[in-house]
Amino acid sequence: MTLKYGIAASVAATLLATTAIADIKVGFIGSLSSDTGLSTLRGAEMAIEELNAAGGVMGEQITLVTADTGEDVTEGVKAYEYLAETEEVDFVISGSIDDVSLGWLPRMQEFQIPTLDTWTSYIGIIDQVIEEPDLMAPYFMNIASDEALATLYINFGADVLKAKMGWESVVILAEDTAFGEAITGLVTEALGPVAGIETKEIITYDIGTVDFAPLFSKAQASGADFIYQVSSVNSQVISSQYVKLQVPMAMTGVNVSALGMEYWEDTGGAGGGISTLSPIPSVGFELDPVSAKFVADYQAKYTSRPVMPHFNGFNAYHGLKQAMAAAEEAGGFGDVKAWNAAMLKQDLKLEKDGKLWLRYGFWQHGEVEEVTGRTYPQNARFDLTAPYDDAQPSMVVIQWKEDGTVGVVYPFEYANTEFEVPSWVK
Amino acid sequence: MPGLAQTLFITASGAGMNLRPHHFILWALFIAGMLLMPELVGRGTLRTMVFACYLAIFAISWDILSGRTGYISFGHPFLVGIGAYTTAILTRRYGFPVEASIPIAVLVTMFGGLIVLLPALRIKGSYFALVTLAVMELMYQLVPVVRPDLTGGTRGISRLPALTRGAENGYYLAVCLMLAVALFAWLLMRTRLGTALWAIGQNEESVRGSGLSTTRLKSFAFLVSAAIAGLGGAFYAHYLGTITPRAFFDINVLFQIIVAVLIGGAGTILGPIIGAFFMVFLLEWLRPFLPGQERFFVYGAIALLIYMYQPKGIMAIIESGITRLRGART
Numbered sequence: 062m063t064l065k066y067g068i069a070a071s072v073a074a075t076l077l078a079t080t081a082i083a084d085i086k087v088g089f090i091g092s093l094s095s096d097t098g099l100s101t102l103r104g105a106e107m108a109i110e111e112l113n114a115a116g117g118v119m120g121e122q123i124t125l126v127t128a129d130t131g132e133d134v135t136e137g138v139k140a141y142e143y144l145a146e147t148e149e150v151d152f153v154i155s156g157s158i159d160d161v162s163l164g165w166l167p168r169m170q171e172f173q174i175p176t177l178d179t180w181t182s183y184i185g186i187i188d189q190v191i192e193e194p195d196l197m198a199p200y201f202m203n204i205a206s207d208e209a210l211a212t213l214y215i216n217f218g219a220d221v222l223k224a225k226m227g228w229e230s231v232v233i234l235a236e237d238t239a240f241g242e243a244i245t246g247l248v249t250e251a252l253g254p255v256a257g258i259e260t261k262e263i264i265t266y267d268i269g270t271v272d273f274a275p276l277f278s279k280a281q282a283s284g285a286d287f288i289y290q291v292s293s294v295n296s297q298v299i300s301s302q303y304v305k306l307q308v309p310m311a312m313t314g315v316n317v318s319a320l321g322m323e324y325w326e327d328t329g330g331a332g333g334g335i336s337t338l339s340p341i342p343s344v345g346f347e348l349d350p351v352s353a354k355f356v357a358d359y360q361a362k363y364t365s366r367p368v369m370p371h372f373n374g375f376n377a378y379h380g381l382k383q384a385m386a387a388a389e390e391a392g393g394f395g396d397v398k399a400w401n402a403a404m405l406k407q408d409l410k411l412e413k414d415g416k417l418w419l420r421y422g423f424w425q426h427g428e429v430e431e432v433t434g435r436t437y438p439q440n441a442r443f444d445l446t447a448p449y450d451d452a453q454p455s456m457v458v459i460q461w462k463e464d465g466t467v468g469v470v471y472p473f474e475y476a477n478t479e480f481e482v483p484s485w486v487k
Numbered sequence: 005m006p007g008l009a010q011t012l013f014i015t016a017s018g019a020g021m022n023l024r025p026h027h028f029i030l031w032a033l034f035i036a037g038m039l040l041m042p043e044l045v046g047r048g049t050l051r052t053m054v055f056a057c058y059l060a061i062f063a064i065s066w067d068i069l070s071g072r073t074g075y076i077s078f079g080h081p082f083l084v085g086i087g088a089y090t091t092a093i094l095t096r097r098y099g100f101p102v103e104a105s106i107p108i109a110v111l112v113t114m115f116g117g118l119i120v121l122l123p124a125l126r127i128k129g130s131y132f133a134l135v136t137l138a139v140m141e142l143m144y145q146l147v148p149v150v151r152p153d154l155t156g157g158t159r160g161i162s163r164l165p166a167l168t169r170g171a172e173n174g175y176y177l178a179v180c181l182m183l184a185v186a187l188f189a190w191l192l193m194r195t196r197l198g199t200a201l202w203a204i205g206q207n208e209e210s211v212r213g214s215g216l217s218t219t220r221l222k223s224f225a226f227l228v229s230a231a232i233a234g235l236g237g238a239f240y241a242h243y244l245g246t247i248t249p250r251a252f253f254d255i256n257v258l259f260q261i262i263v264a265v266l267i268g269g270a271g272t273i274l275g276p277i278i279g280a281f282f283m284v285f286l287l288e289w290l291r292p293f294l295p296g297q298e299r300f301f302v303y304g305a306i307a308l309l310i311y312m313y314q315p316k317g318i319m320a321i322i323e324s325g326i327t328r329l330r331g332a333r334t
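Here the protein sequences line up with chains A and B, keeping their order.
Heads up: take any position in the first sequence, counting from 1, add 61, and you land on my numbering.
Heads up: take any position in the second sequence, counting from 1, add 4, and you land on my numbering.
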């Protein structure tokens, strides 16, 4: 009997202690088995540790619970419901990919839980913010939306691919995903007209493709000057085969696997010459002191992959702190409108060598971005015009060299290496 | 040779259904128990039950065709997807009210399935399974590229009108739909038609030899199965609020449906329901302890053990348990 009472008392004491300190609950939603998901999760973990060490928020400690999506749309809906109904979290931080975010978005609208998306960049969600501001008040996206990413990428096409390399036609090699479709649309509709690059052919492939040789042959047969790849799933396969087959035409585009430091190892060293668009901060991107400290702390804490957080890890780290600061100003997360107003005011400016380097702020409602001529309420602030003195550019282009190093090639203000074609391409 | 209409007429009159008072009592208890759930469990559990209810509907639908006749369909998500996409397109692109879009979705599913899959019923065994699998895969590939202005491409269609809001309302809607489907399927399977479908699964040649048209019977089973899949898919789409090709035409959706039936017990009504609830709840219960993909391995191992112990599923385990209890009493 004594043992039973002892166990019961211990359990009760533990529960009470947990309840006493776990007053603000943050829910992570995303894949626990991908570098992308882990980047967001770890960024959030580090921010929470720092906030708790500094006394918490509003005198309360923060705890984190996770809900794995497995990058599956339906699992994403279940995960959000689990966080909302079972865990009853106060705030959700997401490292979900596009269609998974679209899957749980109706649940966020229903539960009205403040939510920060650190990876999804779909402009359609920002359009929903514009059309239904009240319903979308809990939602913030602290990555530049894909329209902003593409707009600057078009400049890369004009300034580098066309002006410097002299390329005039492209063949698109895109995976059959939502991401692939969106980027292909933007490239065909904008790259051509603005940069003066003709799209010769669009080749769509299944994400399970293991042999790209026939696709590369088809791309060569199109007669285009270069290949534009769009790959977010198993991206190391297409790039390593491109290198191993020594495809005799240049290839650039979007390759998600090349966004992480593991890329070189994942491709067995066969990744040289691949360039990709990347949100900021990317691999090869010079860091300001605050971001550099974050990376150093991250690498001291985590030894497994990803050894360097992807951009969304930075977004989660700074974004979670901003969400908590907004909650402090709004008196908690309960009053979504008050939290929304406070979150919109969050503005973190990070400098490097006296120059504005990174800015974690948000576009306001009604505020028009000059280049695109549209609004981006509750979306991460970005700058599309050199010298980028209002915020960082929406993206950079990075390139892996044949010796395994990586650097930024565009925009020129942030570049630390030059864009070049692989040695086997004449 | 008695025709399908004659068979239906005979069974519709109630002859041969062998209904007993205890059937009604058991159904009443089951329905009452399910309807009382919101009083007994939390909202989080109710949300899980909603998914279980929809999976049960899809599983019952699959079982009517495959569990009874033995024609294993790998294309069922195709039917569910047609129902979902039809109501989504009608409501979001053309402004149809859901009262109209859902019945239309059911009809379109029956018609679409009839055109695409019915010819496959003339082939047997693994060939039938492969053809249906090919149809589903084809749909997965086509939806994103054919008329993306309608289907929304790979990002699907968002902001579908919600039929209800909140865990309780969502649960009542889903459970009522599941109970209606289950009761209908149970009554259908107690008719001579149901017996004939079961007989096809046992020995199709014998059924044909007895003078029944197996093609018509299979067509009937297929149409009923498609109607239920389309109905479930349409309601499910409005529950989710967003539909994407990956959420409907993915091979995992197919596995979930088939595993629910096999674990619960094929060829029964309660089996697919038990299997669906078992699967969905097991995964959700494991979530706090195994938040990552490891829970799928544990769940797979448990499912495999059950299947190895009793290939006829949980229903057979329950039935043998009841038989033993009765034997012990006597």
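Glycine included, C-beta positions come from ideal geometry on N, C-alpha and C.
- Express the C-alpha separation of residue 349 of chain A and residue 449 of chain A in angstroms, rounding to a whole number. By 1-based counting over the first sequence, the position of residue 449 of chain A is 388. By 1-based counting over the first sequence, the position of residue 349 of chain A is 288. Between residue 449 of chain A and residue 349 of chain A, the alpha-carbon positions lie close to 15 Å from each other.
- One or two residues paired with residue 409 of chain A in a DSSP bridge: Counted from its first residue, the first sequence places residue 409 of chain A at position 348. Residue 409 of chain A is bridged to A:421.
- CA-to-CA distance, residue 92 of chain A to residue 405 of chain A, given in whole angstroms: The count along the first sequence starts at 1 and reaches residue 405 of chain A at position 344. The count along the first sequence starts at 1 and reaches residue 92 of chain A at position 31. Using only the alpha carbons, I get a separation of about 27 Å.
- Message: Would residue 273 of chain B and residue 181 of chain B be called neighbours here (beta carbons separated by less than 8 Å)?
- Response: The residue labelled residue 273 of chain B in the question sits at position 269 within the second sequence. The residue labelled residue 181 of chain B in the question sits at position 177 within the second sequence. Going by C-beta atoms, residue 273 of chain B is not nearer than 8 Å to residue 181 of chain B.
- Query: To the nearest angstrom, how far is it from the Cα of residue 418 of chain A to the Cα of residue 172 of chain B?
  - Reply: The sequence position of residue 418 of chain A within the first sequence is 357, counting from 1. The sequence position of residue 172 of chain B within the second sequence is 168, counting from 1. Each residue's CA atom was taken as its position, placing residue 418 of chain A and residue 172 of chain B some 49 Å apart.
- Would a C-beta distance cut-off of 8 Å place residue 247 of chain B and residue 238 of chain B closer than the cut-off? Looking up residue 247 of chain B in the second sequence gives position 243. Looking up residue 238 of chain B in the second sequence gives position 234. Not in contact: residue 247 of chain B and residue 238 of chain B (Cβ atoms no closer than 8 Å).
- Counting only beta-carbon atoms, is residue 101 of chain B nearer than 8 Å to chain A? Counting from 1 along the second sequence, the entry for residue 101 of chain B is found at position 97. Nearest CB-CB separation between residue 101 of chain B and chain A: not below the 8 Å threshold.
- Query: Span of the beta strand (DSSP E) holding residue 262 of chain A?
  - Reply: Residue numbering aside, residue 262 of chain A sits at position 201 when the first sequence is read from its first letter. For residue 262 of chain A, the enclosing beta strand (DSSP E) begins and ends at 259–266.
- Message: Residues in the same chain with beta-carbon distance under 7 Å from residue 82 of chain A, minus the five sequence neighbours each way, listed in chain order, please.
- Response: Against the first sequence, residue 82 of chain A aligns to sequence position 21. Low per-residue confidence applies at residue 82 of chain A: pLDDT is 49, beneath 50, and the placement is therefore not dependable enough to give any value.
- Spatial neighbours of residue 101 of chain A in its chain, beta-carbon cut-off 8 Å, leaving aside the 5 residues before and after: Counting from 1 along the first sequence, the entry for residue 101 of chain A is found at position 40. The residues are 89, 91, 154, 155, 156, 179, 180, 373, 374, 376 and 377.
- Item | N- and C-terminal bounds of the alpha helix (DSSP H) containing residue 368 of chain A | Taking the first residue of the first sequence as 1, we reach residue 368 of chain A at position 307. No alpha helix (DSSP H) holds residue 368 of chain A; DSSP gives it neither H nor E.
- Mind checking which residues open and close the alpha helix (DSSP H) that includes residue 216 of chain A? Position 155 of the first sequence holds residue 216 of chain A. 207–217 is the extent of the alpha helix (DSSP H) around residue 216 of chain A.
- Item | Distance between residue 241 of chain A and residue 135 of chain A (C-alpha atoms, nearest Å) | Within the first sequence, residue 135 of chain A is the residue found at index 74, counting from 1. Within the first sequence, residue 241 of chain A is the residue found at index 180, counting from 1. One alpha carbon belongs to residue 135 of chain A, the other to residue 241 of chain A, and they sit about 20 Å apart.
- Item | For residue 147 of chain A, the three-state DSSP class (helix, strand or coil) | By one-based count along the first sequence, residue 147 of chain A stands at place 86. Taken through DSSP and simplified to helix, strand or coil, residue 147 of chain A comes out as helix.
- Does the Cβ-Cβ distance between residue 79 of chain B and residue 136 of chain B come in under 8 Å? Taking the second sequence and counting its residues from 1, the one referred to as residue 79 of chain B is at position 75. Taking the second sequence and counting its residues from 1, the one referred to as residue 136 of chain B is at position 132. Yes, these two residues count as a Cβ contact at 8 Å.
- What residues from the segment 243–254 of chain B come within 7 Å of chain A, judged by C-beta to C-beta, listed N to C? Cβ proximity to chain A below 7 Å picks out 244, 245, 246, 248, 250 and 251 from the segment 243–254 of chain B.
- Query: Beta-carbon of residue 105 of chain B versus every beta-carbon of chain A: anything under 8 Å?
  - Reply: Walking along the second sequence from the start, residue 105 of chain B turns up at place 101. It does not; no Cβ of chain A falls within 8 Å.
- Task: On the DSSP bridge assignment, give the partners of residue 155 of chain A in chain order.
- Result: Against the first sequence, residue 155 of chain A aligns to sequence position 94. DSSP lists A:90 and A:178 as partners of residue 155 of chain A.
- Query: Quick one: does residue 288 of chain B have its CB under 8 Å from some CB of chain A?
  - Reply: One-based indexing of the second sequence puts residue 288 of chain B at position 284. Output row for residue 288 of chain B: interface = yes.
- Query: Any contact of the segment 131–148 of chain A with the segment 189–208 of chain A, i.e. 3+ C-beta pairs under 8 Å?
  - Reply: Short answer: they don't touch.
- Message: Less than 6 Å between C-beta atoms, sequence neighbours within five positions excluded: which residues of the same chain meet that for residue 232 of chain B?
- Response: The residue given as residue 232 of chain B occupies position 228 in the second sequence. Correct list, in chain order: 65 and 185.
- Task: Any chance you could list the beta strand (DSSP E) runs of at least 3 consecutive residues sitting entirely within the segment 97–123 of chain B, in chain order?
- Result: Within the segment 97–123 of chain B, no complete beta strand (DSSP E) run reaches 3 residues.
- Given a threshold of 16 other Cβ atoms within 10 Å of its Cβ, counted over all protein chains shown, does residue 197 of chain A qualify as buried or as exposed? Mapped onto the first sequence, residue 197 of chain A falls at position 136. By the 10 Å Cβ count, residue 197 of chain A comes out buried.
- Could you check the C-alpha separation between residue 445 of chain A and residue 434 of chain A for me, to the nearest Å? On the first sequence, residue 445 of chain A is found 384 positions in, with the first residue counted as 1. On the first sequence, residue 434 of chain A is found 373 positions in, with the first residue counted as 1. Taking the straight line joining both Cα atoms gives about 12 Å.
- Have a look at A:111, A:120, A:238 and A:168 and flag the residue whose alpha-carbon is nearest the alpha-carbon of residue 362 of chain A. Counting from 1 along the first sequence, the entry for residue 362 of chain A is found at position 301. Ranking the options by Cα distance to residue 362 of chain A, first place goes to A:111.
- Message: By the 9 Å beta-carbon criterion, what residues does the segment 43–76 of chain B contribute toward chain A?
- Response: Per Cβ criterion, the list reads 46, 47, 48, 49, 50, 51, 52, 54 and 55.
- Task: Alpha carbon to alpha carbon, how far is residue 175 of chain A from residue 262 of chain B? Give it in angstroms, no decimals.
- Result: Walking along the second sequence from the start, residue 262 of chain B turns up at place 258. Walking along the first sequence from the start, residue 175 of chain A turns up at place 114. Each residue's Cα considered, the two are about 37 Å apart.
- Apart from the five residues on each side of it in sequence, which residues of its chain come closer than 6 Å, Cβ to Cβ, to residue 229 of chain B? Numbered from its first residue, the second sequence carries residue 229 of chain B at position 225. The residues are 65, 68 and 69.
- Task: Over the uninterrupted alpha helix (DSSP H) stretch that includes residue 112 of chain A, give me the two end residues.
- Result: Locating residue 112 of chain A in the first sequence gives position 51, counting from the first residue. 96–114 is the extent of the alpha helix (DSSP H) around residue 112 of chain A.
- Message: For a contact defined as C-beta to C-beta under 8 Å, what are the partners of residue 256 of chain B on chain C?
- Response: The chain labelled as chain C is not found among the protein chains of the depicted structure, namely A and B.
- Same chain, Cβ closer than 6 Å to residue 173 of chain A, neighbours up to 5 away in sequence not counted: Against the first sequence, residue 173 of chain A aligns to sequence position 112. The answer, listed in chain order, is 199 and 397.
- Which runs of the alpha helix (DSSP H), 4 residues or longer, sit entirely within the segment 259–306 of chain B? Correct list: 274–290.
- Task: Going by CA-CA distance only, name the one from B:154, B:193, B:285 and B:313 that's closest to residue 300 of chain B.
- Result: Taking the first residue of the second sequence as 1, we reach residue 300 of chain B at position 296. When the alpha-carbon of residue 300 of chain B is set against those of B:154, B:193, B:285 and B:313, the nearest one is in B:285.
- Item | Cβ of residue 296 of chain B within 8 Å of any chain A Cβ | One-based indexing of the second sequence puts residue 296 of chain B at position 292. With 8 Å as the cut-off, residue 296 of chain B counts as an interface residue toward chain A.
- Task: Put residue 462 of chain A into one of helix, strand or coil per three-state DSSP.
- Result: On the first sequence, position 401 is the one that residue 462 of chain A refers to. Coil.
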